[in-house]
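Numbering (my numbering), first residue to last: -17 to 491. From the three backbone atoms N, C-alpha and C, an ideal C-beta is built for every residue, glycine too. This structure is a prediction, so every number in the text was calculated from the model and none was measured. Comments concern the structure below.
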Amino acid sequence: MADSTSPWRSLMRSNVFHVSGPSLRLFGENLAGTGSHAAGGQSHQSAATEETVLSIEDLARRFNVSTKTISRWRDHGLVAQRVMIDGRKRVGFLASAVEQFVRENPTRVQRGSRFSQLSQDEHDRIIAWARRLAVAGACPADVHRRIARRLNRSVETIRYTIKRHDQEHPEAAVFPGSDGRLRPESCARIFQHYQQGEPVDSIARRYRRSKASIYRVILAERAEAISELPLDYMPNALFARKSAEKVVFQPYPVNAEATKRVRRPTGLPAYLASLYEVPLLTREQEVWLFRKFNYLKYRATILREQLRPERPSARLMDQIETLYREIVELKNRIVRANLRLVVSIAKRRVTASDSFFDLVSDGNMSLMRAVEKFDYARGNKFSTYASWAIMKNYARTIPDEHKRRDRFRAADMELLQTAPDERGDETQRRLAESDRLYQIEQFLDRLDSREQTIIIRRYGLDHEHDPQTLKEVGSALGVTKERVRQIEAKALEKLREAAETESILPEIG
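Structure below.
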């Protein structure tokens, strides 16, 4: 028990009121009324002797804190009682209970004592400093901490002061709009900055947010992106067995014939010639690739079902994203090994009024869809299934050879068409198409770097990527698919004007 000369006892002796007799007995009778603020349901029943009692206002004045702070102290163990004073029930605090709380919570009491009323001069200095720090790029949390240290005030005092100023003076707010939730567009941009490698510290300064809030946005955006991943797979009884991974992850079958160099046909454009560098798949390799491709999608789907959108796990999302990267790589391996099949079918379908490379691009899209739908467990070769899918698509999109194929090309795709060749010589026609590609490359030099990247990726002109969708290009460049569409339209208009100047394109009515 504290000594009678304790400064806290001295504090209690002055400017307090005393309750005795029937009023004091109400302490014991009203213990149940202390509610959740009576720590652990404990009480201090008073004997019928007089004991010092403090009101909320007394405590606030003596400790130089607000009445809200006293209420918070009650949540942390300061025991309160209800007492009848002048015919009214009021909350009171026994001096012994206050002294015990101070003895057990010295740091909390000292910190709260710094949360005192501000003078107008202090208020103006806080707002001025906060404004300078905000302009310099500091986030709210950093501003609150730095000013609190400088003025020896609590962080909560600084935070509340700035918040109230911004609410009362929105036209001169230190952090305009920072009280509300970030708009979806801002969250998407934050995620794009993060994907492009910008540090979280920098993003927090840019949007005047704490690093913790930026990390929450990134996690939420990652979770949303993962929820939209195309993870549909061809089911197989093997996947649910304990032995699945042992079967799926066995070594990749080696093709002894793959070391033999394939003879390239002469007179082929560079893109077609490069296809002969990729060896065809054996039956065993096809099964291995498709089995692993579908199993990884199965595993990613199981993990995604465990993801809680309201509180996504970073560890779980890391696992899903790692699996998806491997899924994409497996799909690309299958597609690359079968691009020669597309070229072979397109050669048989091309006519004088068709663009050979448009047919190849169209066939590539059919090939990629076929990879997603092929069930290796049925025992068929993928080349058989893919050939049927490609030819079915051609039959649907080329019934009228004069009809524009809008499904896989933009409205201005005439620029990328190959001129008709009336001579009928296949080798000469291929050479003419190669020359036309060279002319297109010259025209691409008239575009800026971003326009070039979008045109090349959209139409697969670099021979390293298949033609990509607006969404895929947008993800690679960190912009929305609508923005990709706008840039693509602008770039195609530039190329159209250049081609018309050089008299490359026919008159378009």
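query: Let's test the definition: count the other Cβ atoms within 10 Å of the Cβ of I284 and tell me whether it reaches 16, buried, or not, exposed.; result: exposed
query: What first and last residue would you give for the beta strand (DSSP E) that runs through G74?; result: 70 to 76
query: Between I438 and V466, is the Cβ-Cβ spacing less than 7 Å?; result: no
query: Measuring alpha carbon to alpha carbon, tell me which residue in E311, A130, I327, R191 is nearest N276.; result: E311
query: How many whole angstroms separate the CB atoms of A120 and R187, which I take to be in contact at a CB cut-off of 8 Å?; result: 7 Å
query: Given a threshold of 16 other Cβ atoms within 10 Å of its Cβ, counted over all protein chains shown, does R378 qualify as buried or as exposed?; result: exposed
query: Would you say F272 and Y358 are within 7 Å of each other, going by their C-beta atoms?; result: yes
query: Roughly how many angstroms lie between the CA atoms of R64 and K71, to the nearest whole one?; result: 6 Å
query: Confirm, please, whether the CB-CB distance from I200 to Y234 is below 7 Å.; result: no
query: For the alpha helix (DSSP H) that contains V47, what are its first and last residues?; result: No alpha helix (DSSP H) holds V47; DSSP gives it neither H nor E.
query: For E259, report the span of its alpha helix (DSSP H) as first-last.; result: Per DSSP, E259 belongs to no alpha helix (DSSP H) and is neither H nor E.
query: Between the beta-carbon of A319 and the beta-carbon of L263, is there less than 7 Å?; result: yes
query: Per DSSP, what are the beta-bridge partners of M66 in this structure?; result: K71
query: Check S295 in the structure and name its three-state DSSP category.; result: coil
query: Determine the DSSP secondary structure at S192, reduced to helix, strand or coil.; result: coil
query: Return the CA-CA distance between M372 and P291, expressed in angstroms with no decimal places.; result: With the sequence shown as reference, residue 372 is identified as Ile, and Met is not the correct amino acid for it. The straight-line gap from Cα to Cα measures roughly 39 Å.
query: Can you give me the C-alpha to C-alpha distance between Y253 and A118, rounded to a whole angstrom?; result: 51 Å
query: Measuring only the C-alpha atoms, how far is G456 from S369?; result: 30 Å
query: Shorter than 6 Å, the distance from the beta carbon of V84 to the closest heavy atom of the ligand ADP, or not?; result: Within the structure as shown, the ligand ADP is missing, as the structure has no ligands at all.
query: Please go through the same chain and pick out, in chain order, the residues whose beta-carbon is closer than 8 Å to the beta-carbon of A226, but skip the five residues on each side of it.; result: L220, Y277
query: Using 8 Å for Cβ pairs, my map puts V156 next to A112. What's the rounded Cβ distance?; result: 5 Å
query: Would you mind stating whether G345 and V317 have Cβ atoms separated by less than 7 Å?; result: no
query: I'd like to check one pair, I302 with K279: are the Cβ atoms closer than 7 Å?; result: no
query: Spatial neighbours of R315 within its chain, please: C-beta separation below 8 Å, excluding the five flanking residues on both sides.; result: L271
query: Could you pull out every residue in the same chain whose Cβ sits closer than 7 Å to the Cβ of L211, ignoring the five residues on either side in sequence?; result: Y306
query: With DSSP run on the structure shown, which of helix, strand or coil describes S431?; result: helix
query: Ordered along the chain, which non-local residues of its own chain (more than five positions away) have a Cβ less than 7 Å from that of V342?; result: V324, V325, A328
query: By the 10 Å Cβ neighbour count, where 16 or more other Cβ atoms means buried, how is E203 classified, buried or exposed?; result: buried
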